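Chains as they are written, first to last, in the numbering used here: chain A, 5 to 361; chain B, 5 to 361; chain C, 709 to 1034; chain D, 709 to 1034. C-beta: ideal position from N, C-alpha, C; glycine also. Please read all numbers here as calculations on a predicted model, not as lab measurements. Inspection log for the structure reproduced underneath, given as C-alpha cells.
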Amino acid sequence: MSATVASFSVEYHQFLDRDGRLIGDDIPELAKDFEKLISIYKLMVQTRTFDFKAIALQRTGKLGTYASCLGHEAAQISIGSAMREEDCFAPMYRDYGTQLYRGVTMTEILLYWGGDERGSDYSGPRHDFAWCVPIATQCLHAAGAAMVYKLRDEKRVAVTVVGDGGSSKGDVLEAINAASAYDLPLVIVIMNNQWAISVPRSKQNRAKTLAQKGLGAGLHSAQVDGNDYIASHLVMEEAIERARNGEGASVIEMITYRLTDHTTADDASRYRENAEVEEAWKSEPIARLRKYLESEGQWDDKKQSKLEKEVAEVIDVAVKEYLNTPSPGIASMFDYMYAELPHDLQAQKEFALKEAE
Amino acid sequence: MSATVASFSVEYHQFLDRDGRLIGDDIPELAKDFEKLISIYKLMVQTRTFDFKAIALQRTGKLGTYASCLGHEAAQISIGSAMREEDCFAPMYRDYGTQLYRGVTMTEILLYWGGDERGSDYSGPRHDFAWCVPIATQCLHAAGAAMVYKLRDEKRVAVTVVGDGGSSKGDVLEAINAASAYDLPLVIVIMNNQWAISVPRSKQNRAKTLAQKGLGAGLHSAQVDGNDYIASHLVMEEAIERARNGEGASVIEMITYRLTDHTTADDASRYRENAEVEEAWKSEPIARLRKYLESEGQWDDKKQSKLEKEVAEVIDVAVKEYLNTPSPGIASMFDYMYAELPHDLQAQKEFALKEAE
Amino acid sequence: MPKVAMVEALSLAMGSELRADKDMVIMGEDVGINGGVFRATSGLQEEFGDLRVIDTPLAETMICGMAVGMAAQGMRPVIEAQFMGFVYAMVDHMISHAGRMRHRTRGRLSCPMVLRMPFGGGIHAPEHHSESTEAMFAHMPGIRVVIPSSPSRAYGLLLASIRDPDPVVFLEPKRIYRWGKEEVEDDGEELPLDVCFLLRDGTDVTLVSWGAMIKETLEAADKLAEQGISAEVIDVATISPLDMDTIIESVEKTGRCVIIAEAARHCGVAAEIAANLADRGIYNLLAPVKRVTGYDTVIPLYRMEMKYLPSVERILNTVKKVFAVS
Amino acid sequence: MPKVAMVEALSLAMGSELRADKDMVIMGEDVGINGGVFRATSGLQEEFGDLRVIDTPLAETMICGMAVGMAAQGMRPVIEAQFMGFVYAMVDHMISHAGRMRHRTRGRLSCPMVLRMPFGGGIHAPEHHSESTEAMFAHMPGIRVVIPSSPSRAYGLLLASIRDPDPVVFLEPKRIYRWGKEEVEDDGEELPLDVCFLLRDGTDVTLVSWGAMIKETLEAADKLAEQGISAEVIDVATISPLDMDTIIESVEKTGRCVIIAEAARHCGVAAEIAANLADRGIYNLLAPVKRVTGYDTVIPLYRMEMKYLPSVERILNTVKKVFAVS
Ligand SMILES: Cc1ncc(C[n+]2csc(CCOP(=O)(O)OP(=O)(O)O)c2C)c(N)n1
Ligand SMILES: Cc1ncc(C[n+]2csc(CCOP(=O)(O)OP(=O)(O)O)c2C)c(N)n1
Ligand SMILES: [Mg+2]
Ligand SMILES: [Mg+2]
C-alpha cells in the first residue's frame, strides 16, 4: 500500500519582462504607484553609481577589496522597501541596496571596506546586524532575532539574505528548520546570482529551484525574478507580512545575476563566458524599470541627467567624508573587545600604546 | 504572472498492518518468500534478546552506558538485508540490527559499550564505518564513501542512518545537498523513532514528514512504516538499487518507535506518558512479523521455543567472550594514534608504561 | 542550610537569575522537562515555563547561532552543549561572531550569552563524552572562559557569567558534579571572573589546577603534607582572562610550580601558565615548571580512561621531581 | 631553473603527487577552473580533469566530512578551506573523526587526508581573512600541523603531508605566498614532518618562529647582527609534533630565547614552546623566555592590522629586554 502523505510546489513570480513591459493579467497596484517607483528607481541608480565609485576607489588604492552589488539593485532594494524600520536585517556582504534604503550611509560602507570597524557602527537601524563574511552564518543570527521578537511578542520580522552558494551551508538549513520548529517571524532570501565566485549555480545541487529548500521544513517557499522590482517587492511584502501576522516563515529565491567580478580581488573572465554576461545585461534591473517608467510617461532623459548629477554630488560628499576619516588609533584595537577591559588586555593595550610612541 | 516551477510529493509505504495482516492489493513477492522472512524473523528475535541481555549487563555493572535498539529491529534489519556486502554502512550508535546482519559480532558490540576500542575493529565488512556518536556526522562520511565509489566507478552504495532528532543537524542537510550536487550513490535513512532523548518529533520541526528534507535538494524521498519489515526492505532495496544504477540518492524516513529509555543513563518516565509507550507496543515489529508468519502457517510456539533456546546460547557465548577479553593495555592508548608514533608520543608512551609499573 | 552538590548549585544560580532578569532564557537539547541529562536545569521549565527554558531541535550550530542573534537583540541566552564533545559545531559562531560582535560594531551590538557544558572524563561515559578542550576557547579573543571547582564557586561564577555583558564559556567539571557538597546560600551574590582562588596555603610548592583535577590536586596536597611538604593550591577558575599575578606571587614564595590539567598536554592551558612563569616568574624558580596532564592521545574509552587521567600518584611523582633537582 | 614563489611550489607539489598517486584528489571551493583564490591549484584541473580536482558546493562541513569518509575508504583527499577564517565549520570533523579514525577502529580505518588553507594577516584583506588560529589544530590529538615558510619547504612538506598515512593540517602563510622566491626542483622529494629547520646559526639568542613571521624574524636577526648580537633562527615548521630537541639544543648554546608568533598570545603555540623551556630547558636559561605575538584581540580590519602584527621593531625591542636582564 502506498499513499501520498504530503505534496508541495514552488511558484515563480514576475510582472515586468526584461524589456520593461508588464506581463500577465493581474496588474498590481504597485505598478501604478509611480511616486514610489520613481523613488525606488532613484535609489537603484544611486546604488549603482556608488558601486562604480567604490570600484574606482579600489582600483586607485583608496579602498580595500570590495564586493560589488552590480545587478542586484532591484532585488536588494525590494527587500528594504518591504521591511519596516523596526524589523531586523541580517545582511551578507554585498547588500548595500537594502542597507541604503534602511539608512546605512555610503560613508559607512566605504569605511568598512576601507578597513575601519567604524563602518559597522551604522547610523541605519541600530539593531541591524553588521555585514557578515562567514557565509550563511547570518541566517542563524536572523533566526535568533526572530526568536526574540516572538518571545517578546513584538510584531517585528527578521530578514536575512544568503547567496546561491551559501544556500548549500548547514547554517541556512538549520535556520530553515528552526523557523519551522519555533514558527519564527523570519524571511530567508536566497539571492541566486548564478555564481559563487567561480562556481556556477548548477554545481551547488541539481534541484530545479533553491526555493524548495524551504519545503524541506514545510515553509512557504517561492521564486521571483529578482531583477523585477515590482515582483520582488510584492513577494517580499507578502512573506514579511505573513511572518508579522504569525503565519510562518518563508524562503524566497530571487533570481538575479552578478554582472561583474565576485570582488575586486577576483577576475571572472577566468571562469565564465563573456557571452553569458552580455546576455545577462539584457535582463538587468535598472534599464528595465527605466523603460517601464518611460513607457508610462513617468521618466525621460532630462530627469535622468538631473538624477545623475544629484547622485554624483551625494556620492562625492560621502567619499570625501570617508577619505577624511582619521585613523581609529591604537586604543581602538582593545577598547571594544569587552564592555570592561580585563587586566591582561589592559596590560597589552599599555604595551601597544608605548610601542607606538 | 505566477507559474508553478516545481512540484513534489512524498509517498508512504506499508504492507503489513500492526496485526500482521497484509494490506493493499499489490502483494509483493517478498511476502511469500518465507525462507527469507523466517531467517529475518530469527535475527530480529536474536537482536532483541541480545538487547535485553546488554541492558541486564549494564544494570549489574558489567557494561557501560548502552543505547538500546528495542523496537527498531525490523527497520534496522531491513537496511542490512537490502544492502550488499561491498556496500558501505555508516551507522549511528544503535544500529545493531543492520550490523548483526552485516557481520559485526555481539562481542564487538559489547566491547564497544564496555569501553574497549577493539569493539570497533569489526569482523563485519571491514570497510564499514564505526559507531558514530557525534550526531549526524556519519551522513557526510557516507557521502564521502559514495563519492569514492562514484569516482572509482564501482557499483557500490553507501547507506547511513540518522535519527529524527539528528535530522535537524546541518550535516544531514549538507549530505543531502552533496548527494544532489555529485549525484552520489547514497541512501540516507532518517530513523524516526519519535524521540530524541526527551525531545519529541514534533519539536524538531512542523513539517508533515522528515522525508521531505530530501526534496529540498531534489532527491527521491519516501516514508515507510519502519515496523513493517516487508515494506522497509522493499523501499530500501529500491532506493539502494536506484543509487547503484546511477539514478540518484534517496532520503527514506522510517517510522518506528523507541520502546525504552534513550540509553541506560536515561529515564524516559520523566518526560513521556506510559500510555504512549503502551500504544506503541501494539505496533512493534517482531510480534507483527510473527503473527503474519503464524497466519501463513510458517511459525508456531514450538519453533519459537527452539529459537529462543538457540539465541540464548549464542548470546551466552558472546557475553563470555566479552567478559573474558583482557585489558587492552597501556600501550594501546598510544599505538593507534598514528601509523608511526611521533617522537613526542613515544616519550609519553614510555612515561605511561613506566608509571604503570 | 542543606548542603548541595555543584550541579544543584548551578541550578540554583540559573533559577535565581531567571527570576531576577526577564531577558534571560535557557536553551538546549533536553533542558526542559528532562532538566538536562545531568539535571542541571531540573525543575526550571516547570517554574518558568517553556518560553524561558526552551528545548531545541538537535542542532548545535543552530543553538549557538541563534543565541548570538538573540544576545545581539538584547536577550541573555544561556545555552547548553550537552557534552563538550558536541560543542565543536558551535565553534564557528563563538569565534567568528560571539567574540567579535562588540568589536566589529564598535559597541553598537554586543553578545551577552553564556555557553555552558559539562566537560572532562572519569565517569565511565561513552565515546566523545569525556573531552577537555578548554584551550580551544581560551585562545578565542573576546570570550571569557570560566571553570568552577566547588558548589559555591559554581553558584557565584555562573551568576557572574550570566550577568556579564560579554560572552562566557562556562565549563562544568562533570566528574565533580556531585562531589564536595557545600552549603550554598542562594543570595544572588556573584564571584569575580578574573581572579584565581587560593584553596590552600603553602610554602614549598605551588600546585595550580582547575576543574575536576582540583580534587586530585587537593588530595595530593594532603599527602604531601604528610611527607612534610607544604603545598599551596590555586584554583585558576577563570582560564581567560588568566590571573597570573596570584600564581606568580605564590611562586615567588614557593619557588616551585606544578600545573595539573586533565586535557591533552600539547598547547593546553597549562602551557600558558608555564610560559608566563618562564617569563615573569623565572627569577623565582628553584626548579623546572612541570605539567601533569593527559596524554596527547584521544582520551580512551572507559576501560583505560583512568590510565589517561592524571592521578594523585602521578602528581606526587612529579612533585617529587621538582624537589629532586634543587 | 627558474625561481618560484611559495604558492607556485605548492602547486608543483600537488601536481607531482596527482601524477604519482591516482588516489589523490583535490576538493574545495573554486579550486577548479579558477585555480583557488590564490592560484595554488592553478592549472591542475586542466591537467587532471574535474574528477581529480573537484569544485565543491559552498559548505565547509561537507567538504571536511566527505574528505574523512573518502580517506577512510582509501582515497587521499587534499581539501582546501579558502581562508582560515572559514575553517571553523570543519573543526568538528577534524577533531571528532579525522584525528580519531585510526585510534577508534584500532587501525581498521584511517584518515590520510590533508586540510590546506592560507592563514595569517598583513595582506589588507577583509574581515575574517587574516586569522592565525593554528593553536586550535595543534591541540587536537591525531593530527599533524605543518607550516612552511619558504618555497622549497612548502614543496617538500606538502608532498610529505599528502603521503602521510594520517591527517595533516597544512597551513600556508599567505603573506609570504609570493615572497622569497627560490629554485625548487620538482623531484618528488619530501621533507620530514617532525623536525625544526635551522635557518641561521647564532650564539647569543635563539629566535623561534614559523610561517610568515619568519620574514620579520630573519630581518630582525640581520639587524641584531649589525648590533653585534648573533641570533640563531629556528623555523618550527611542524607545530605538531613539535621538535623541542632542536630548540632546547639551541638554547643550551645561547641561553636566551624569544618566540615570535603572529597569533593571539593567550594559549597560543608560542606558550607550548616556552612551557617546554620552563621545564626541560630551565637550567640553560640566562634570561626570561619572551614571546612576541599578536594581541589577545580580534585582528583588526586592515587600517590597523600592521599595528597588531609583530613588527621587526617589536622583535628587536623584546630581544633587547632579554639582554638587559642577564
Ligand atoms: C564560510 C565561508 N566560506 C568561504 C568563504 C569565501 N567566499 C566568500 S564569497 C564566496 C562565494 C559566495 O557565493 P554566494 O553565496 O553565491 O554569494 P555571492 O557572492 O554570489 O553574492 C566564498 C566562497 C566565506 N566568506 N565564508
Ligand atoms: C552532536 C550531538 N549532540 C548531542 C548529542 C547527545 N545525544 C545523544 S543521542 C541524542 C538524541 C538523538 O536523537 P535521535 O537523533 O532522534 O536518535 P535516537 O537516539 O532517537 O535514535 C542526543 C541529543 C550527540 N551525541 N551528538
Ligand atoms: Mg552567488
Ligand atoms: Mg529519535
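Cβ separation of L1009(D) and D157(A), assumed to be a contact under 8 Å, to the nearest whole Å: Here residue 1009(D) refers to the residue found at position 301 of the fourth sequence. Here residue 157(A) refers to the residue found at position 153 of the first sequence. Between D157(A) and L1009(D) the Cβ distance is about 38 Å, and since that is not below 8 Å, they are no contact.
Please state whether the Cβ-Cβ distance between N197(B) and D175(B) is less than 8 Å. Here the question's residue 197(B) lines up with position 193 in the second sequence. Here the question's residue 175(B) lines up with position 171 in the second sequence. For N197(B) and D175(B), no; Cβs fall outside 8 Å.
Is the closest heavy atom of ligand 4 to the C-beta of R262(B) under 7 Å? Here residue 262(B) corresponds to residue number 258 of the second sequence, with the count starting at 1. True, at least one ligand heavy atom lies under 7 Å from that Cβ.
Just to be sure I understand the criterion: a residue counts if its Cβ is closer than 7 Å to at least one heavy atom of ligand 6. Which residues meet that? For the structure depicted, ligand 6 is absent and the ligand set comprises only ligand 1, ligand 2, ligand 3 and ligand 4.
Apart from the five residues just before and just after F756(C), which ones in its own chain have a Cβ nearer than 6 Å to its Cβ? To locate residue 756(C), count along the third sequence from 1; it is residue 48. Here the set comprises L726.
Is it a yes or a no for the region 989-1005 of chain C touching the region 830-838 of chain C, going by three-plus beta-carbon pairs under 8 Å? no
Go ahead and pull the three-state DSSP assignment for M96(A). Here the question's residue 96(A) lines up with position 92 in the first sequence. Reduced to three states, the DSSP call for M96(A) is coil.
For P710(D) and M952(D), what's the separation of their Cα atoms in angstroms? Translated into the one-based positions of the fourth sequence, residue 710(D) becomes position 2. Translated into the one-based positions of the fourth sequence, residue 952(D) becomes position 244. Going from the Cα of P710(D) to the Cα of M952(D) covers about 35 Å.
Cβ-Cβ separation, R964(C) to L932(C) (assumed contact under 8 Å), whole Å: Within the third sequence, residue 932(C) is the residue found at index 224, counting from 1. Within the third sequence, residue 964(C) is the residue found at index 256, counting from 1. Contact doesn't hold; Cβ gap of about 11 Å is too wide.
C-alpha distance - M821(D) paired with S860(D), whole-angstrom precision: Here residue 821(D) is taken as the residue at index 113 of the fourth sequence, counted from 1. Here residue 860(D) is taken as the residue at index 152 of the fourth sequence, counted from 1. Cα to Cα, the separation comes out at about 21 Å.
Residue from S1019(C), E1021(C), E788(C), V997(C) whose Cα sits closest to the Cα of F878(C): Here the question's residue 878(C) lines up with position 170 in the third sequence. For F878(C), the nearest C-alpha among the options comes from E788(C).
Would you call the CB atoms of G84(B) and R106(B) closer than 8 Å? On the second sequence, residue 84(B) is found 80 positions in, with the first residue counted as 1. On the second sequence, residue 106(B) is found 102 positions in, with the first residue counted as 1. Yes, Cβ-Cβ distance for G84(B) and R106(B) is below 8 Å.
Three-state secondary structure (DSSP) at E788(D)? Translated into positions along the fourth sequence, residue 788(D) becomes position 80. Three-state DSSP puts E788(D) in a strand.
Could you check which residue in L219(A), K154(A), L20(A), M87(A) has the C-alpha nearest to that of D132(A)? Against the first sequence, residue 132(A) aligns to sequence position 128. Measuring from the Cα of D132(A), the nearest candidate turns out to be M87(A).
Have a look at the DSSP bridge pairing and note the partners of D943(C). Here residue 943(C) refers to the residue found at position 235 when the third sequence is read from its first residue. BP columns for D943(C) point to F905(C), S917(C).
Relative to ligand 1, is the shortest distance from any of its heavy atoms to the C-beta of F746(D) smaller than 7 Å? What you label residue 746(D) is simply residue 38 of the fourth sequence in a count that begins at 1. Not so, every heavy atom of ligand 1 lies at least 7 Å from the Cβ.
Taking 8 Å as the cut-off, does the region 226-234 of chain A touch the region 258-273 of chain A (at least 3 CB pairs, one atom from each stretch)? yes
Report yes or no: do the region 291-303 of chain B and the region 22-30 of chain B share at least 3 C-beta pairs separated by less than 8 Å? yes
CA-to-CA distance, S72(A) to D55(A), given in whole angstroms: Position 51 of the first sequence, counted from the start, is the residue given in the question as residue 55(A). Position 68 of the first sequence, counted from the start, is the residue given in the question as residue 72(A). Using only the alpha carbons, I get a separation of about 6 Å.
In or out: F355(A) buried (at least 16 other Cβ within 10 Å) or exposed? Position 351 of the first sequence, counting from 1, holds the residue named residue 355(A). So F355(A) counts as exposed.
Using a Cβ cut-off of 8 Å (strictly closer), state whether Y1010(C) contacts chain B. Residue 1010(C) sits at position 302 when you count from the first residue of the third sequence. For Y1010(C), the answer is yes, since a Cβ of chain B falls inside 8 Å of its Cβ.
Quick one: which chain D residues come within Cβ less than 9 Å of Q352(A)? As a first step, residue 352(A) must be located in the first sequence, where it is residue number 348. Neighbours of Q352(A) on chain D, chain order: R973, Y1003, D1004, T1005.
Can you find a heavy atom of ligand 1 that lies under 7 Å from the Cβ of H801(C)? Counted from its first residue, the third sequence places residue 801(C) at position 93. Flag unset: Cβ of H801(C) not near ligand 1.
Quick one: is Q350(B) buried, meaning 16 or more other Cβ sit within 10 Å of its Cβ, or exposed? For the purposes of this step, residue 350(B) is identified with residue 346 of the second sequence, where counting begins at 1. Q350(B) comes out exposed.
Ignore the nearest five residues each way along the sequence and tell me which others in K923(C)'s own chain have a CB closer than 7 Å to its CB. Within the third sequence, residue 923(C) is the residue found at index 215, counting from 1. So the list reads I884, W887, once near-sequence residues are dropped.
Cβ-Cβ separation, A971(D) to A979(C) (assumed contact under 8 Å), whole Å: On the third sequence, position 271 is the one that residue 979(C) refers to. On the fourth sequence, position 263 is the one that residue 971(D) refers to. Rounded, the Cβ-Cβ distance is 13 Å, inconsistent with contact.
Using alpha carbons as the reference points, say which of K46(A), A150(A), V163(A), E39(A) lies closest to D99(A). Taking the first residue of the first sequence as position 1, residue 99(A) is located at position 95. Considering only alpha carbons, the answer is V163(A).
Could you check which residue in S804(D), D731(D), A928(D) has the C-alpha nearest to that of I942(D)? Translated into the one-based positions of the fourth sequence, residue 942(D) becomes position 234. Closest option to I942(D), Cα to Cα, is A928(D).
Let me see if you follow: with CB-CB separation under 8 Å, is D120(A) close to chain D or not? Within the first sequence, the letter at position 116 stands for residue 120(A). Taking Cβ atoms only, chain D reaches closer than 8 Å to D120(A), which makes this a yes.
Residue range of the beta strand (DSSP E) that includes K998(D): Along the fourth sequence, read from residue 1 onward, the residue named residue 998(D) stands at position 290. Residues 998-1002.
If I measure Cβ to Cβ from L345(B) and keep anything under 8 Å in the same chain, skipping five residues before and after, which residues do I get? Numbered from its first residue, the second sequence carries residue 345(B) at position 341. So the qualifying residues of the chain are F338, D339, K353.
Between V795(C) and M825(C), is the Cβ-Cβ spacing less than 8 Å? By one-based count along the third sequence, residue 795(C) stands at place 87. By one-based count along the third sequence, residue 825(C) stands at place 117. A contact, by the Cβ cut-off of 8 Å.
Output needed in chain order: residues of the region 733-751 of chain C with a Cβ under 8 Å from some Cβ in chain B. E737, D738, G740, I741, N742, G743, V745
Counting only Cβ pairs nearer than 9 Å, list the residues of chain D close to V281(A). For the purposes of this step, residue 281(A) is identified with residue 277 of the first sequence, where counting begins at 1. Within chain D, no residue comes near V281(A); the closest Cβ sits about 16 Å away, beyond 9 Å.
Could you check if H266(B) belongs to the surroundings of ligand 2, using beta carbon to heavy atom distance under 7 Å? To locate residue 266(B), count along the second sequence from 1; it is residue 262. It does: the Cβ of H266(B) is within 7 Å (strictly closer) of some heavy atom of ligand 2.
Please confirm whether any heavy atom of ligand 1 lies closer than 7 Å to the CB of E280(A). As a working mapping, residue 280(A) is identified with position 276 in the first sequence. False, no ligand heavy atom lies under 7 Å from that Cβ.
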